[in-house]
Every structure is written in structure tokens, then in C-alpha cells.
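Novice: Chains as they are written, first to last, in the UniProt record's numbering: chain L, 1 to 362; chain B, 1 to 274. Don't be surprised by glycine CBs; every beta carbon is placed ideally from N, CA and C. My questions all concern the structure below.
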Amino acid sequence: MSGAAVSFRGVSKRYGPVDALADFDLEVKPGEFMTFLGPSGSGKTTALNVLAGFTHATAGEVMIDGRSVGGLPPEQRNVGMVFQSYSLFPHMNVFENVAFPLRLRGVAKAEVARRVGESLDMVRLADLGGRMPKELSGGQRQRVAFARAVVFEPPVLLMDEPLGALDLKLRQAMQLEIKRYHAQLGCTIVFVTHDQGEALALSDRIAVMGEGRIAQVDTPDRIYDYPKSRYVAEFIGKTNILTLEPGNAGAVRIVELGCDVPAQGALAEARMISVRPEKIERAAGRREGLIDFTARIDEVLFLGDLVHYSAVLPGGGALLFQEHRGPGATVLARGDTIELGFLLSDALPVSGREAAATAVGA
Amino acid sequence: MLAFIRRTWLLWPAIGLLLVFFLVPSLDLIQASVMNPDFTLEHFERIADRKVYLAVFWRTLQVSLIVAFLAALVGYPIAYFINLQPRKTQFLLIFLIFIPLWMSVLIRSYAWMIVLGRDGIINTALLGLGLTEEPVRLLFTSGAVYFAMLQILLPVQIVTAYSAMTEIDMDLMRAARVLGARPWQALRRVFIPLSLDGTITGAIIVFMLSMGFFITPALVGGRQDMMLANLIEFQVERLNWSFASALAILLLLGTVLTVIVIRRLGNLITRRIA
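This is the structure:
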């Protein structure tokens with residue numbers, strides 16, 4: 001089985017005066033793992049529902065494998081789907097649940113048995129065909145739901161927060177499983193989640209969404225390292241947003257730190273910069289080009305190999321930074337005053353208008 | 001012991017009530033049916049000997065089964081329709097369904113007499129339209145009994161089936177659709193099997209209530225529509241407590257056995273349909 005391309009062309013969905021989805025444009029490549037990432041109400045689920053055929057777009061076109069599917073009901077789109085609540089049929093056993101899509105397609109009995117067996121093998125539940133859904137653990141239900149969604153070899157698989165109901169350990173294990181399935185099946189996966197860690201770990205590309213629009217589409221590392229807007233920077237990982245204002249000639253002033261930096265390139269235009277906590281270090285070594293400042297440690301979150309700090313700046317603002325505990329590293333204590341710094345090259349200008357999605361097309 | 005008391009004390013009022021007002025009278029009933037004044041089975045022998053009692057028993061069973069079946073048949077689509085409405089509309093519709101339940105069965109049966117009578121609405125309309133020369137005989141017929149009982153008991157069926165349907169996760173229907181089911185296939189293979197149990201429960205309640213009906217058959221039915229409860233009432237009026245008890249035992253046993261059979265059959269159908 002191989003994946004099919006999925007395209008959204010100017011898709012909008014309006015509920016009364018509310019744009020659940022506005023002018024949504026996206027090309028998903030065949031076999032790609034694409035994640036819609038956003039908080040609730042960001043439009044990610046609406047986009048998925050339009051693709052599955054549960055709701056119809058107010059405007060625009062959705063295409064699977066180059067064919068418009070706007071007029072097709074869900075059963076004719078030939079897409080697999082895994083629901084957040086698994087939605088296993090409670091009156092059918094595991095085998096019958098997985099066989100359901102095959103029976104509807106009129107697959108011969110022996111072939112049904114063979115393919116259900118293969119699917120259950122893939123999710124390592126070959127022995128549980130006779131169990132009823134309520135006799136399974138959460139992780140097992142999740143895997144049955146997955147087997148059921150792919151048993152008919154759909155070119156596109158939709159997953160709607162499939163790991164949301166699992167506890168942390170199981171969620172991480174299932175992430176690895178899903179990666180394995182994807183590699184094995186080669187189908188296109190459209191995955192919806194509000195969990196940025198999940199999105200970073202699984203996806204080929206991520207579409208960060210907010211208020212019915214795409215804020216940014218890119219690969220996980222680029223989304224993390226080069227967020228275009230404050231919204232994306234803050235949604236993916238933790239970050240510090242610092243405000244800029246015009247400083248002395250040829251410089252801009254970082255307001256929170258009270259220091260001037262050369263107004264080079266994008267910095268000259270920007271009104272905010274984003275600095276990731278892991279890019280800030282103790283400035284004792286006086287590394288060349290470090291922008292340094294004094295701060296007082298306010299909170300210490302000790303994680304063993306990693307320590308998260310919250311520091312108070314002289315101007316009163318808060319700053320997050322974190323340290324890996326390298327050789328000989330000490331742990332700071334609350335109340336310590338410390339010199340910190342970061343490289344200007346690690347400070348990323350982000351677009352200033354706080355609201356989501358304004359960076360689209362910028 | 002103390003732990004046991006602490007765990008169960010909330011149940012005691014209910015158990016006490018059942019003991020005093022249900023179990024004791026039931027045992028009393030059984031005792032009365034086999035005593036005259038010493039132990040005897042003469043009342044049951046009389047039931048077996050005189051054909052009329054068993055005939056009325058079978059008719060009662062037949063009427064109740066048909067009413068329960070019709071209630072399930074008519075009530076299911078209504079419950080389904082209500083379940084499809086937005087939340088607020090659902091509450092309104094269920095409220096409307098409940099209204100007749102607050103009126104006495106007696107009043108609702110009288111209402112049917114007015115509707116079906118010689119000078120009732122239906123006959124007046126038929127005569128007025130010239131569709132018939134003479135008033136049609138509608139009242140005091142078996143049809144009137146079925147119709148009135150169905151109308152009176154339908155809310156029970158609808159509400160029971162509806163509440164079972166609200167338990168069904170509608171994502172299951174979406175799952176069925178996206179996995180390849182046309183709307184009616186999703187209905188038949190997922191929704192109906194999952195709602196059948198509640199529907200059968202509703203039909204069983206309707207059946208049990210029907211078995212004890214006597215006001216409605218007495219008011220809108222003819223002599224031939226007498227039900228077992230009418231006979232019991234007749235015997236009670238004549239202070240034949242023992243014989244009335246024996247008839248009541250017959251009614252109870254018939255009801256319980258039939259309910260068991262319906263349940264079994266229902267489970268079989270549910271499994272077959274899935």
C-alpha cells in the first residue's frame with residue numbers, strides 16, 4: 001500500500017458568524033506524516049472532519065489523490081480513521097471490529113480472515129481476536145482501532161488525538177508503535193493533536209494552527225528553531241519573548257534587559273525576539289558576542305539531568321532558562337544572583353501581532 | 001459486622017419497604033390461593049376445569065404481547081427521531097411525551113370513549129363527510145382495546161428506548177461511516193444492535209403493564225375483551241379472596257415466564273443481527 005496526496009485548496013468552514021476554518025491551503029505529499037497541531041478551537045479537528053466527510057466545507061476544495069472529494073460521503077472516500085475515544089463497536093469482538101470494513105467491501109470470507117490476522121499481527125494482538133472491547137486495556141483498544149483503520153489498506157489514514165486518553169508512559173510507547181506502522185504501511189497520515197511533543201516526535205511536517213488558520217507549516221526542527229510568529233514560538237516548546245524598541249543610532253534596545261544590540265538584518269524591523277530557555281547560559285566564561293545581563297534565581301525545577309530555572313530580571317520581567325548538568329556543573333539556588341547571556345544569533349525575530357496565524361504568507 | 005452495616009445502610013429503607021409491602025403480601029397471596037381454610041388445590045383445579053379462565057388468560061397474554069410488539073414497532077422510530085434532534089428539542093419532545101403519563105389511565109380511557117363513541121369525533125366526522133350513513137361501531141371492540149392500550153402505554157416505550165439511545169456514542173456511527181458503511185448499513189449494523197436491548201426492555205415493561213390492565217378493556221372493549229385482571233376484580237368484589245389469589249398467581253407466573261422468554265429471544269436476535 002502506498003499513500004495518496006491530500007490537498008486543501010482555500011477551504012473554509014463557517015458556523016454562523018464563526019470561521020472554524022478560514023482559507024485553509026495545504027498540500028500533503030503521498031506517504032507523508034502531516035500533523036495538525038493547535039489548541040482546541042484552532043480548526044484542526046474541523047479540517048480533519050472536512051477531509052473525512054463528516055462536515056462539508058463552506059468554500060474551497062478538498063482533494064485526495066488528485067480527485068475532488070467534496071461531494072462524496074465518508075464511506076466513499078476510502079480513508080481510515082482512528083478516533084480519540086477509539087470508537088470500537090462494543091457489541092462486536094476484536095476480530096469482528098477489524099473485519100467490519102472488509103465485510104462492507106464484500107471481501108471473501110477466507111480473505112477477511114487472512115487480512116484481519118495480518119492486521120492484528122502488526123499491532124501484536126493476534127491472540128485477542130475473541131475478546132470484547134470492554135475486556136481490553138486502553139493501549140490494546142488503541143491498537144485494535146488502528147488495525148481496524150488500516151485493514152482495508154486506505155491510502156490515507158486520519159488520526160484524531162488518538163493518544164489523548166492514554167497515560168504518559170503508554171503514550172510514548174504508542175508513539176514509537178505509530179512510527180513503526182507508518183514506516184511499514186507507507187500510507188499518508190493526517191494526525192491531529194494539541195500535544196506539541198507528540199507532533200515534534202512523530203511528524204514529517206507540522207501545520208501549527210490557530211483561530212481557524214495555518215500559522216506555519218514546516219518540518220519539526222524548523223518549526224522549533226525558526227518559528228515565524230510569537231504564537232508558534234510559544235505554542236511549540238517554551239520560549240522567552242523579549243520586546244524591542246529603537247535604541248541609540250544603529251542599535252535596537254531589548255526592553256526587558258535594558259541593553260542595546262546592533263540593529264542588523266531582521267532585528268532592525270522586528271518588534272519582538274524569541275529566545276529558547278536552552279539557548280541561555282551562565283555568562284561567567286564571557287564568550288565572544290554574548291549578550292549578558294544580571295538576573296536573580298526565583299524558582300528551581302530540578303529534574304536530575306536537567307534543571308529548569310525561572311529568573312527575575314532587573315526590570316522585573318521573568319526569564320526561563322535551563323541547563324544540562326555537564327561535568328562539574330553546580331545547581332543554582334533560589335535567591336542567587338547570576339550573570340546570564342545568550343548569543344544574538346540564537347535570538348529569533350518573531351512577528352509582533354500576538355494573534356495566531358497572522359504570519360501566514362508573510 | 002459494623003463495616004457491613006456501614007456499607008449497606010443506605011439500602012435498608014428500600015429493602016424494608018419491599019419486605020413489608022411486597023414480599024409479605026405476595027406470600028400472603030400464595031397462602032390464600034391454597035387455603036380454604038386448610039391446604040387445598042381446589043382453586044387451581046377450578047381454573048383448569050372451567051375453560052373460560054384459561055381462555056381469558058390466553059387472550060390477556062395475546063393482547064399484551066401484541067400491544068408490546070406494536071409499542072416497540074411504533075415507539076422505536078419516534079425515539080430515534082427524538083434522539084436525532086438538538087439537545088433542547090429533545091428535552092421539549094420528551095416533556096411532551098411525558099404529559100399524558102401524568103393523567104390517570106381512567107381519564108385517558110374515558111377520553112377514548114368520547115373519541116370512539118357513536119356520537120364521538122370520528123363518527124361525527126365520517127357522517128359529516130358523508131362517508132357513511134350510519135355511525136360505525138368503533139367503541140366496545142377489540143380494536144378499540146388495542147388502540148387505547150397502545151396509546152396509553154406508548155410513552156413508556158418511547159422514553160425507555162430513547163434513554164437507551166442517548167447512551168450510544170454517536171462517534172460509533174461516524175466510525176462505521178468512514179470505515180465504509182452507507183447510512184442504513186451503519187444503522188443496521190451498529191445503531192440498531194446497540195439500541196435493541198433498551199427497546200426490548202421498554203417492550204417488556206409495556207407487556208407487564210398490559211398484563212395487569214383492566215380499566216381500559218372494561219371501558220372501551222366488549223364482553224369478549226375481558227382480561228384476567230377484570231376476572232380478578234370480579235372475584236374480589238364477590239369477596240372470593242382465595243380464588244382471586246389463585247388467578248393472580250396464574251397472572252404472575254404467566255407474566256414472569258413470558259418476560260424470561262422475551263429476554264432470551266431478544267438476546268438471540270441482538271446477537272444474530274450484529
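Any beta-carbon of chain B closer than 9 Å to the one on residue 351(L)?
Specialist: Taking Cβ atoms only, chain B never reaches closer than 9 Å to residue 351(L), which makes this a no.
Novice: Ignoring anything shorter than 3 residues, give me the beta strand (DSSP E) runs that lie fully in the segment 45 to 111 of chain L, in order along the chain.
Specialist: For the segment 45 to 111 of chain L, whole beta strand (DSSP E) runs of length 3 or above, ordered along the chain, are 59 to 64 and 79 to 82.
Novice: In angstroms, rounded to a whole number, what distance separates the CA positions of residue 207(L) and residue 264(L)?
Specialist: Those two C-alpha atoms are separated by around 30 Å.
Novice: Could you check which residue in 153(L), 51(L) and 303(L) has the C-alpha nearest to that of residue 13(L)?
Specialist: Among 153(L), 51(L) and 303(L), the Cα nearest to that of residue 13(L) is on 51(L).
Novice: Assuming residue 164(L) contacts residue 43(L) under a Cβ cut-off of 8 Å, what Cβ separation, rounded to an integer in Å, is found between them?
Specialist: Their Cβ separation, rounded to whole angstroms, is 17 Å, which puts residue 164(L) and residue 43(L) out of contact at 8 Å.
Novice: Relative to the alpha-carbon of residue 348(L), which residue among 125(L), 256(L), 224(L) and 39(L) has its alpha-carbon at the smallest distance?
Specialist: Of the listed residues, the one whose Cα sits closest to residue 348(L) is 224(L).
Novice: Is there at least one Cβ from chain C nearer than 9 Å to residue 158(L)'s Cβ?
Specialist: This model lacks chain C altogether, as its protein chains are L and B.
Novice: Straight-line CA distance for residue 314(L) to residue 219(L)?
Specialist: Near 37 Å, if we compare the C-alpha coordinates of residue 219(L) and residue 314(L).
Novice: Could you check if residue 100(L) is buried or exposed, using at least 16 other CB atoms within 10 Å of its CB as the buried criterion?
Specialist: Residue 100(L) should be labelled buried.
Novice: Using beta carbons (cut-off 9 Å, strictly below), is residue 263(B) in contact with chain L?
Specialist: Closer than 9 Å: no.
Novice: Closest to residue 158(L) by C-alpha separation, out of 341(L), 281(L), 299(L) and 4(L), would be which residue?
Specialist: Taking only the C-alpha atoms, the option nearest residue 158(L) is 4(L).
Novice: Going straight from the alpha carbon of residue 17(L) to that of residue 68(L), what length do you get?
Specialist: Each residue's Cα considered, the two are about 27 Å apart.
Novice: Taking all protein chains shown into account, do 16 or more other C-beta atoms lie within 10 angstroms of the C-beta of residue 359(L), making it buried, or fewer, making it exposed?
Specialist: Because the pLDDT at residue 359(L) is just 35, under 50, the model does not fix this residue reliably, and the value given afterwards should be weighed accordingly. Residue 359(L) comes out buried.
Novice: Helix, strand or coil, according to DSSP, for residue 152(L) in the structure here?
Specialist: The answer is coil: DSSP assigns residue 152(L) none of H, G, I, E or B.
Novice: Flag this pair as touching only if the segment 292 to 299 of chain L and the segment 238 to 247 of chain L have three or more C-beta atom pairs under 8 Å; answer yes or no.
Specialist: Because the criterion of three Cβ pairs below 8 Å is not met, the segment 292 to 299 of chain L and the segment 238 to 247 of chain L do not touch.
Novice: Give me whichever residues DSSP pairs with residue 319(L) in a beta bridge.
Specialist: The partner list for residue 319(L) (beta bridge, DSSP) reads 311(L).
Novice: Looking only at DSSP bridge pairs, what is residue 224(L) linked to?
Specialist: Paired residues: none, contrary to the question.
Novice: Sorted by chain position, which residues of the same chain lie with C-beta nearer than 8 Å to residue 150(B)'s C-beta, five sequence neighbours on each side aside?
Specialist: Hits under 8 Å: 67, 70, 71 and 74.
Novice: Give me the chain L residues within the contact set of residue 193(B), using Cβ-Cβ distance strictly less than 9 Å, ordered along the chain.
Specialist: Ordered by position in chain L, the residues that pass the 9 Å Cβ test against residue 193(B) are 89, 91 and 92.
Novice: Answer yes or no: do residue 202(L) and residue 181(B) have a C-beta to C-beta separation smaller than 9 Å?
Specialist: No, they are not a contact pair.
Novice: What is the C-beta distance between residue 136(L) and residue 261(L), in whole angstroms, given that I count them as a contact (C-beta under 8 Å)?
Specialist: In fact, because the Cβ distance is near 58 Å, the residues do not count as touching under 8 Å.
Novice: Using the three-state DSSP reduction, which class does residue 214(B) fall into: helix, strand or coil?
Specialist: Here residue 214(B) sits in coil by DSSP.
Novice: Does the contact criterion of 3 or more C-beta pairs under 8 Å hold for the segment 109 to 129 of chain B versus the segment 169 to 181 of chain B?
Specialist: Taking 8 Å as the limit for Cβ pairs, the verdict is that the segment 169 to 181 of chain B does not touch the segment 109 to 129 of chain B.
Novice: Of all the residues that make up the segment 168 to 179 of chain B, which are near chain L by a beta-carbon distance shorter than 8 Å?
Specialist: If the cut-off is 8 Å between Cβ atoms, the segment 168 to 179 of chain B has 169, 171, 172, 174, 175, 176, 177, 178 and 179 near chain L.
Novice: Taking Cβ-Cβ distances below 7 Å as the criterion, which residues of the segment 136 to 164 of chain B are in contact with chain L?
Specialist: Within the segment 136 to 164 of chain B, no residue qualifies.
Novice: Per the DSSP calculation, residue 13(L) is bridged to which residue(s)?
Specialist: Residue 13(L) pairs with 21(L).
Novice: Would a check of beta-carbon distances place residue 7(L) closer than 9 Å to chain B?
Specialist: No, its Cβ sits nowhere closer than 9 Å to a Cβ of chain B.
Novice: Does residue 161(L) come out as helix, strand or coil in the three-state DSSP assignment?
Specialist: Coil, per DSSP.
Novice: Which value, in whole angstroms, describes the spacing of the CA atoms of residue 260(B) and residue 64(L)?
Specialist: Their Cα atoms are separated by approximately 53 Å.
Novice: With respect to 8 Å, is the separation between the Cβ of residue 264(L) and the closest non-hydrogen atom of the ligand ZN below this value?
Specialist: For the structure depicted, the ligand ZN is absent and the ligand set is empty, with no information on it obtainable.
Novice: How many whole angstroms separate the CB atoms of residue 256(B) and residue 144(B), which I take to be in contact at a CB cut-off of 8 Å?
Specialist: No, residue 256(B) and residue 144(B) are not in contact; Cβ-Cβ is about 29 Å, not under 8 Å.
Novice: Give, in chain order, every unbroken run of the alpha helix (DSSP H) that is at least 4 residues long and sits entirely within the segment 172 to 204 of chain L.
Specialist: List check, alpha helix (DSSP H) in window: 196 to 202.
Novice: Can you name, in chain order, every residue of its own chain whose Cβ lies under 7 Å from the Cβ of residue 66(L), other than the five neighbours on each side?
Specialist: The residues are 5.
Novice: Closer than 8 Å is the cut-off here; do at least three beta carbon pairs connect the segment 86 to 93 of chain B with the segment 193 to 206 of chain B?
Specialist: They do not touch, by the three-pair rule.
Novice: Compare the C-beta of residue 30(L) with all C-beta atoms of chain B and state if any pair is closer than 9 Å.
Specialist: Residue 30(L) does not count as touching chain B.
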